[in-house]
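Following: one structure in structure tokens, then a few remarks.
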Amino acid sequence: MKTIHRLRRTFLATALAAGALALPFAVSAQAPIVIKFSHVVAEQTPKGQGALKFKELAEKKLPGKVQVQVFPSSQLFGDAKELEALLLGDVQFIAPSLSKFDRYTKKIQVFDLPFLFDDIEAVDRFQSGPQGKALLEAMKGRGLLGLGYWHNGMKQLSTNKDKLVRPDDVKGLKFRIQASDVLEAQFRALGSNPQKMAFAEVYQALQTGVVDGQENTWSNIYSQKFHEVQKTIAETNHGVIDYMVVTNAKWWDGLPADVRKGLTEAMTEATAHANKLALDINEADRKKIADAGKAKIQKLSKDDVAAWRKSMEPVWKKFESDIGRDLIDGALKSNK
Numbered sequence: 098m099k100t101i102h103r104l105r106r107t108f109l110a111t112a113l114a115a116g117a118l119a120l121p122f123a124v125s126a127q128a129p130i131v132i133k134f135s136h137v138v139a140e141q142t143p144k145g146q147g148a149l150k151f152k153e154l155a156e157k158k159l160p161g162k163v164q165v166q167v168f169p170s171s172q173l174f175g176d177a178k179e180l181e182a183l184l185l186g187d188v189q190f191i192a193p194s195l196s197k198f199d200r201y202t203k204k205i206q207v208f209d210l211p212f213l214f215d216d217i218e219a220v221d222r223f224q225s226g227p228q229g230k231a232l233l234e235a236m237k238g239r240g241l242l243g244l245g246y247w248h249n250g251m252k253q254l255s256t257n258k259d260k261l262v263r264p265d266d267v268k269g270l271k272f273r274i275q276a277s278d279v280l281e282a283q284f285r286a287l288g289s290n291p292q293k294m295a296f297a298e299v300y301q302a303l304q305t306g307v308v309d310g311q312e313n314t315w316s317n318i319y320s321q322k323f324h325e326v327q328k329t330i331a332e333t334n335h336g337v338i339d340y341m342v343v344t345n346a347k348w349w350d351g352l353p354a355d356v357r358k359g360l361t362e363a364m365t366e367a368t369a370h371a372n373k374l375a376l377d378i379n380e381a382d383r384k385k386i387a388d389a390g391k392a393k394i395q396k397l398s399k400d401d402v403a404a405w406r407k408s409m410e411p412v413w414k415k416f417e418s419d420i421g422r423d424l425i426d427g428a429l430k431s432n433k
């Protein structure tokens with residue numbers, strides 16, 4: 098009997114030990130999916146607020162199933178590394194400027210063509226239409242899936258010079274640009290010298306004179322304090338800086354169906370929130386820049402704008418074959 102009791106105790110101890118060992122794995126299986134959302138701008142910008150809204154909505158719709166961690170201001174990865182990090186699985190969501198995707202599909206360059214869209218409403222109409230939606234999936238074969246477009250706003254041009262009215266005023270000046278062939282061609286067409294540079298490096302480059310100017314939205318100009326190290330900002334509205342929220346296509350397809358559904362719903366609502374904020378924040382930040390009085394805001398006449406448009410004609414022609422005339426025409430039709 099003693100032997101039987103010892104065997105029972107041994108069996109029970111072994112079973113308990115096995116259960117204890119199995120327990121962490123059981124808990125781990127129920128642990129939330131951690132989603133790292135990395136971006137390069139400040140939290141108070143439209144993109145920064147959109148990312149926080151997505152976190153709020155995703156965790157509300159999928160309680161206990163997902164945990165969204167947002168890393169703003171290049172805390173994890175800067176402009177040059179975030180796409181690589183996404184493809185390697187080091188982050189799950191990023192929202193780069195549309196210019197960053199031209200190495201994956203040349204069609205995305207339609208958004209960089211200067212003076213193509215009349216205003217942000219035209220951009221929105223194009224992006225929500227069939228051609229804009231198709232571009233979200235144009236890079237899936239390269240491992241990237243677009244989940245939505247987030248507005249930042251229309252671009253303004255700034256320099257460390259007193260005059261900024263006509264194209265001749267920027268000849269010979271050095272301008273920071275994102276890594277984009279279209280943007281490089283844009284400034285070369287103006288007789289300027291484009292300098293590719295990470296967003297986080299721009300303020301110091303402007304402050305020290307490494308570059309003379311830059312192009313950006315009112316919200317980025319204000320949040321990064323570019324207006325403090327520039328003399329003039331021309332209200333050109335010559336292009337758009339928007340973002341595409343992208344994920345790793347393989348990771349996305351591997352998610353449980355209910356999680357994918359909840360994240361899609363959260364992204365749709367966060368996109369509407371971010372795009373409304375973009376308009377409000379840009380208007381508010383333009384006023385803050387004007388009130389600060391450190392940089393002069395230069396308004397352009399219709400004749401001034403016409404001169405800029407004419408100087409940009411060679412850029413459209415240069416990239417038409419890469420982008421596709423159908424996309425350019427579709428973008429033009431979005432203007433009303």
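If you count the sequence shown from 1, you need to add 97 to reach the numbering used here. Positions of the beta carbon are idealized from the N, C-alpha and C atoms, including for glycine. These numbers were taken from a predicted model, which means no experiment stands behind them.
Closest Cα partner of residue i within the set the options
i    : options                : result
Q321 : L261, P291, D382, E332 : D382
L429 : A177, F174, K391, L213 : L213
M297 : L397, P143, L149, F174 : A small correction: the amino acid at residue 297 is Ala; Met does not occupy that position in the sequence shown. Ranking the options by Cα distance to A297, first place goes to F174.
I191 : N249, L244, K157, K203 : L244
P227 : G427, A389, K433       : G427
T314 : V188, V307, V308, H324 : H324
G306 : A363, Q395, K204, R273 : R273
Q395 : K328, P411, H370       : K328
R263 : R406, Q172, K358       : R406
L270 : K150, E410, D309, A282 : D309
A363 : L149, A182, S135, P129 : L149
E181 : Q304, R239, Q275, L254 : R239
K414 : K197, L183, E140, P211 : P211
R498 : Q253, Q304, V279, Q172 : Coverage of the chain is limited to positions 98 through 433, which leaves residue 498 absent and any answer about it impossible.
I386 : Q253, L184, K144       : Q253
K347 : G229, G145, L241       : L241
S225 : L397, A369, E410, K393 : A369
D216 : F223, M251, D187, A302 : M251
T256 : S171, Q304, G145       : Q304
E140 : S171, T202, L154       : S171
F416 : K203, D266, G186, V137 : K203
V138 : Y246, A295, I205, L184 : A295
Counterpart residues of residue i in DSSP-defined beta bridges
i    : result
M341 : Y246
T331 : As written in the sequence, residue 331 is Ala, which differs from the Thr given in the question. DSSP lists L254, Q395 as partners of A331.
V165 : I132
E312 : L254
K268 : Paired residues: none, contrary to the question.
K293 : I274
P194 : Note that residue 194 is Ser in the sequence shown, not Pro. DSSP lists Y340 as partners of S194.
L241 : N345
Classification of residue i by the beta-carbon crowding that lies within 10 angstroms, buried from 16 upward
i    : result
R422 : exposed
Q311 : buried
P121 : Per-residue confidence for P121 stands at a pLDDT of 42, beneath the threshold of 50, marking its modelled position as unreliable; the derived number appears in the next sentence. Per the 10 Å Cβ criterion, exposed.
A119 : With a pLDDT of 42 at A119, under the threshold of 50, the modelled position of this residue cannot be trusted; read the value that follows with caution. Exposed, since its Cβ has fewer than 16 Cβ neighbours within 10 Å.
D377 : exposed
K152 : buried
T365 : exposed
P353 : exposed
K384 : exposed
S418 : exposed
P169 : buried
Q283 : buried
K391 : exposed
L261 : buried
I420 : buried
D388 : exposed
K293 : exposed
K77  : A question about residue 77 goes unanswered here, because the residues of the chain that appear run from 98 up to 433.
A117 : Note that A117 has pLDDT 43, beneath the 50 cutoff, so the model's placement of it is unreliable and the number below is only indicative. Its Cβ having fewer than 16 others within 10 Å, A117 is exposed.
P143 : buried
K197 : buried
E410 : exposed
K230 : exposed
T111 : With a pLDDT of only 47 at T111, under the threshold of 50, the placement of this residue in the model should not be trusted; the figure read from the coordinates follows. Classification for T111: exposed.
V131 : exposed
G186 : exposed
Q127 : exposed
G351 : exposed
Q275 : buried
Rounded Cβ spacing between residue i and residue j (contact assumed at less than 8 Å)
i    : j    : result
A367 : G147 : 5 Å
N372 : D221 : 7 Å
S277 : D209 : 5 Å
V57  : L424 : Given a span of 98 to 433 for the chain in the structure shown, any question on residue 57 remains unanswerable.
A219 : N432 : 5 Å
E179 : V165 : Not a contact, Cβ separation roughly 16 Å.
I318 : N249 : About 11 Å separates the two Cβ atoms, so there is no contact after all.
G359 : K133 : That pair is no contact at about 17 Å.
P129 : V167 : P129 to V167, Cβ: 15 Å. No contact.
Query raised in the report: Is there contact between the segment 323-340 and the segment 397-405, where contact requires at least three CB pairs shorter than 8 Å?
Result: As far as the Cβ criterion goes, the segment 323-340 touches the segment 397-405, which means the pair count is three or higher.
Query raised in the report: Are the segment 187-202 and the segment 336-350 touching, with three or more C-beta to C-beta distances below 8 Å?
Result: By the Cβ test, the segment 187-202 is in contact with the segment 336-350, since at least three Cβ pairs between them sit closer than 8 Å.
Requested in this report: Report yes or no: do three or more beta-carbon pairs, one from the segment 285-304 and one from the segment 234-243, lie closer than 8 Å?
Outcome: By the C-beta criterion, the segment 285-304 is judged not to be in contact with the segment 234-243, since fewer than 3 inter-stretch pairs fall below 8 Å.
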